[in-house]
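Protein chains in written order, with this note's numbering: chain A, -13 to 109; chain B, 86 to 195.
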């Protein structure tokens, strides 16, 4: 089975750094884009950006660019999302998701989701 | 950026009934750019429909998607207990941000 398994919940203070992970299994990790999605409490999902494990090509959503960094380690089949200085407003559930792309449809969609990592930032 | 609105915000129906969920885009969208996901409380979203009308693997055929232009619909026939959840439509873009989500429709048991 294709799966994305994320690291566990984190509780941090404002200003602290954090790196969460997303490990793929059941497929060749380097062949599909991995995206990250934020879901704040009681709200809908928001697209943060994507990274291609094959060459680490990254595209950030304008709302998140400069505040988070996406990376991958293809050797272990994992993608990462990191913050250098957390804010209380970063409190949310973060999902990684495997993208599927179709040249026939000239479109992509969010096919396989990780279980989510809860990040809580509070003093 | 395309903005999606969903209606109704909450839909209360009994098991066995049919649900019609609407997703309206702020401008005309290529149908293949529309997908739908289901999210149950405390869980990750699950892809149901991609390309406006194609069911994802494992999705029963009582769930269907349709639409064109600015108006898209998710229909769930013969509601079962497992269907009560929040449903989001999403639109893909060749520009940033790559995906935009609607605010969701909550399907409640009546």
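Beta carbons: idealized from backbone N, C-alpha and C, even for Gly. Just so it is clear, the structure is predicted and the values come from calculations on it, not from any experiment.
So which of the options has the shortest CA-CA distance to residue i?
| i | options | result |
| --- | --- | --- |
| residue 98/A | 10/A, 6/A, 0/A | 10/A |
| residue 73/A | 107/A, 38/A, 15/A, 34/A | 107/A |
| residue 192/B | 87/B, 185/B, 101/B, 106/B | 106/B |
| residue 169/B | 126/B, 92/B, 86/B | 126/B |
| residue 179/B | 59/A, 45/A, 5/A | 45/A |
| residue 174/B | 113/B, 159/B, 141/B | 159/B |
| residue 48/A | 35/A, 41/A, 57/A | 35/A |
| residue 99/B | 182/B, 167/B, 177/B | 167/B |
| residue 133/B | 181/B, 161/B, 110/B, 95/B | 161/B |
Listing by chain order, which chain A residues have their CB less than 7 Å from the CB of residue i?
| i | result |
| --- | --- |
| residue 192/B | Under the 7 Å cutoff, chain A gives no residues; its nearest Cβ is about 15 Å from residue 192/B. |
| residue 130/B | 31, 99 |
Taking just the CA atoms, how far does residue j sit from residue i?
| i | j | result |
| --- | --- | --- |
| residue 90/B | residue 89/A | 27 Å |
| residue 13/A | residue 65/A | 14 Å |
| residue 100/A | residue -2/A | 21 Å |
| residue 163/B | residue 122/B | 18 Å |
| residue 111/A | residue 80/A | Since the displayed chain A opens at -13 and closes at 109, residue 111/A lies outside it and no answer follows. |
| residue 189/B | residue -6/A | 26 Å |
| residue 28/A | residue 130/B | 14 Å |
| residue 20/A | residue 32/A | 15 Å |
| residue 54/A | residue 195/B | 42 Å |
| residue 22/A | residue 165/B | 31 Å |
| residue 154/B | residue 70/A | 42 Å |
| residue 176/B | residue 92/B | 16 Å |
Please list the partners that residue i has in chain B, where partner means a Cβ-to-Cβ separation under 8 Å.
| i | result |
| --- | --- |
| residue 45/A | 181, 183 |
| residue 36/A | 183 |
| residue 96/A | 120, 122, 130, 132, 175, 184 |
| residue 48/A | 181, 182 |
Residue i touches chain A at which residues, Cβ-Cβ below 8 Å?
| i | result |
| --- | --- |
| residue 187/B | 30 |
| residue 136/B | 88, 91, 93, 95 |
Taking Cβ-Cβ distances shorter than 7 Å, what residues in chain B pair up with residue i?
| i | result |
| --- | --- |
| residue 81/A | 129 |
| residue 102/A | 129 |
TODO: Please name the residues in the segment 104 to 122 of chain B whose beta-carbon is closer than 8 Å to at least one beta-carbon of chain A, in chain order.
DONE: 115, 117, 118, 120, 122
TODO: Please specify which runs of the beta strand (DSSP E), each continuous and at least 3 residues long, are wholly inside the segment 93 to 120 of chain B, giving them in chain order.
DONE: 95 to 98, 104 to 110
Task: Members of the segment 158 to 183 of chain B that neighbour chain A once the beta carbon cut-off is set at 9 Å - done: 171, 173, 175, 177, 179, 181, 182, 183
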